[in-house]
Ligand code: F6R
């Protein structure tokens, strides 16, 4: 995970680097550091803890260098400490490096370098990189312009694992080299200055023009140029891509936290994601897709593969694909799928859902499906992200940058996009027109209904005050509501640190009901008409055992039975999760605030999980 930033230009680098790190802090916040090239050589300032600690480091204000690299860490190898913080230097203090990823063979490389006389001062895998570069740099007898690049390239050829690396050298004070494999890195092109970042929002206020680097490619940045090289160090050309996000969308905009802002951005995110897909009254089209009736009819199954919240969007997708398109659909977490020897072949369509498009397990699962001959489709929020570059087809949610670690608007946008995809498939397959048209109509009405739901859901604030000190909370649902129960439970765990479990309500009596005792909180979701009675019976069973109950529903239920009921607008049950999750997002948010926690940056978590 970790975030990296780089700057080269005519301005003082350190404030730009720290500013970039603050925006990337959601990727990890165990330690932070910057390295700049000063008149007297390389400088490194780093410390454990949050990025803001950098402001207190002695001498940080005296830095004048106009080239620098920076890092905010999510610890993998070595505990969070000053010596394990990045940047790391080689023994001779010639090279300074920041790295996002994991070097899997670092033990072997460390032994090799130790035998050559190098000493290591940290427990990190990263420290082998500057020393390896130094080793190759010294071995190279040619003293031409590409000596630095050759050393980086040779060092990278020895690395196994994943990396996005920035490296500066005191002997080459006017350039910076970057490279990547399986970890994200974008290059922002400015006027007489250039930027590096792990992702776009961190440098959006400086530029909207970006270069994307592919695996094993290298870039040399100077103030006025960016030169690209492939893995054989042949010069290659790249075009910039422009991004439509505006800088304000990466700011809190008056909200106390990004998460709250993002919850309230859901009407816009859904509106933008629906976009012009239904403008033409006849058919819903995806410009990026060209599926035929013959291909879709030949499918043995659709697989949704993703992690965490994105996987929960896949669970909702399964319900729609099976019921609307009549295609058998499975859902799997990417980290399990890839080691399962899954039954995937050229008659399987594999759909990968990923907000960031950089989740390592999801990317690995995608590569596996391609090897097995399946067609792959990415659903992502980030144009040009790794997953979209690997997949055969990509479609995009238009949720704008999601900064809070806990996903909200990206999830609901994923669900709506998958529902639209299902309509597109159902139309090609010439399936039930009425069902298609009903769903279309309900999707169009969604943004308004989300606005209504947001107003109604404010009422959970009171309930959050009653339960914020609880140790355990249960979430129940049946059918599609069970997927929402899972997502509600995940939101609560990650930002409030309250232990929570989600269950299909009918499963309770097969074990978990033993945990229900006086005063325990049970949250239930009821949006499927044919399951109302069954749900009510299950809730009655926990009430009998003394549970406090919160019910989220759009059905006619006897509200007097429950401690609190949130009545959300009615909609098609295929997309009801988009509305029913909103009170649960707000419940988790208010509980976290009540406990005085950092909502946007929950402990141990990072936004983009680029390690396996
Ligand atoms: C939870 C959350 C995570 C992500 C998961 C996948 O709120 O955000 O569970 O959904 O890490 O991330 P992406 O969608 O970027 O692949």
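Numbering (our numbering), first residue to last: 99 to 710.
For every residue, glycine included, the Cβ atom is placed at its ideal position computed from N, Cα and C.
According to DSSP, what are the bridge partners of residue i?
i: residue 287; result: 292
i: residue 467; result: Note: residue 467 sits in no beta bridge, so no partner.
i: residue 442; result: In DSSP, residue 442 forms no bridge with anything.
i: residue 187; result: 194
i: residue 307; result: 340
i: residue 274; result: 266 and 319
i: residue 399; result: 446
i: residue 482; result: DSSP output for residue 482 lists no bridge partner at all.
i: residue 649; result: 622 and 663
i: residue 327; result: 316 and 333
i: residue 199; result: 261
i: residue 280; result: 261
i: residue 452; result: 478
What are the boundary residues of the beta strand (DSSP E) that residue i is part of?
i: residue 267; result: 259–267
i: residue 216; result: Where residue 216 is concerned, there is no enclosing beta strand (DSSP E), given that its DSSP letter is neither H nor E.
i: residue 561; result: Where residue 561 is concerned, there is no enclosing beta strand (DSSP E), although the alpha helix (DSSP H) it sits in stretches over 558–565.
i: residue 430; result: 427–431
i: residue 141; result: 139–146
i: residue 474; result: 473–478
i: residue 493; result: 491–494
i: residue 502; result: Neither: residue 502 is in no beta strand (DSSP E) and is coded neither H nor E.
i: residue 130; result: 129–136
i: residue 256; result: Premise fails: residue 256 lies in the alpha helix (DSSP H), 245–256, not in any beta strand (DSSP E).
i: residue 93; result: Nothing can be reported for residue 93: it is not among the residues displayed for the chain, which extend from 99 to 710.
i: residue 574; result: 570–575
i: residue 103; result: 101–106
Report yes if the CB atom of residue i is closer than 8 Å to the CB atom of residue j, and no otherwise.
i: residue 168; j: residue 151; result: no
i: residue 511; j: residue 704; result: no
i: residue 504; j: residue 589; result: yes
i: residue 182; j: residue 220; result: yes
i: residue 518; j: residue 485; result: no
i: residue 218; j: residue 208; result: yes
i: residue 125; j: residue 296; result: yes
i: residue 263; j: residue 197; result: yes
i: residue 321; j: residue 117; result: no
i: residue 598; j: residue 572; result: yes
i: residue 625; j: residue 678; result: yes
i: residue 559; j: residue 596; result: no
i: residue 223; j: residue 278; result: no
i: residue 526; j: residue 391; result: yes
i: residue 685; j: residue 361; result: no
i: residue 606; j: residue 654; result: no
i: residue 80; j: residue 538; result: Only positions 99 to 710 of the chain appear in this structure, which leaves residue 80 out of reach.
i: residue 499; j: residue 347; result: yes
i: residue 618; j: residue 581; result: no
i: residue 682; j: residue 586; result: yes
i: residue 680; j: residue 548; result: yes
i: residue 650; j: residue 565; result: no
i: residue 140; j: residue 191; result: yes
i: residue 275; j: residue 334; result: no
i: residue 466; j: residue 672; result: no
i: residue 307; j: residue 336; result: no
Grab the span of the alpha helix (DSSP H) containing residue i for me, first residue to last.
i: residue 229; result: 226–237
i: residue 125; result: No alpha helix (DSSP H) contains residue 125, which DSSP labels as neither H nor E.
i: residue 598; result: From DSSP, residue 598 is part of no alpha helix (DSSP H) but of the beta strand (DSSP E) over 597–602.
i: residue 523; result: 507–526
i: residue 457; result: Where residue 457 is concerned, there is no enclosing alpha helix (DSSP H), given that its DSSP letter is neither H nor E.
i: residue 536; result: 531–555
i: residue 662; result: Premise fails: residue 662 lies in the beta strand (DSSP E), 662–665, not in any alpha helix (DSSP H).
i: residue 171; result: That residue, residue 171, is in no alpha helix (DSSP H); its beta strand (DSSP E) goes 165–171.
i: residue 360; result: 356–362
i: residue 635; result: 630–642
i: residue 412; result: 406–423
i: residue 687; result: 674–692
i: residue 579; result: 578–594
Compute every distance between the C-beta of residue i and the non-hydrogen atoms of the ligand F6R, then say whether any falls below 7 Å.
i: residue 364; result: no
Under 8 Å between C-beta atoms, does residue i make it to chain B?
i: residue 323; result: Of the protein chains in the structure, only one exists, and it is not chain B.
(message) Which residues end up in the neighbourhood of the ligand F6R when you take C-beta atoms closer than 5 Å to any of its heavy atoms?
(response) Residues lining the ligand F6R by the Cβ criterion, that is a Cβ closer than 5 Å to any of its heavy atoms, are 405, 406, 407, 408, 452, 453, 454, 457, 504, 505 and 707 in chain order.
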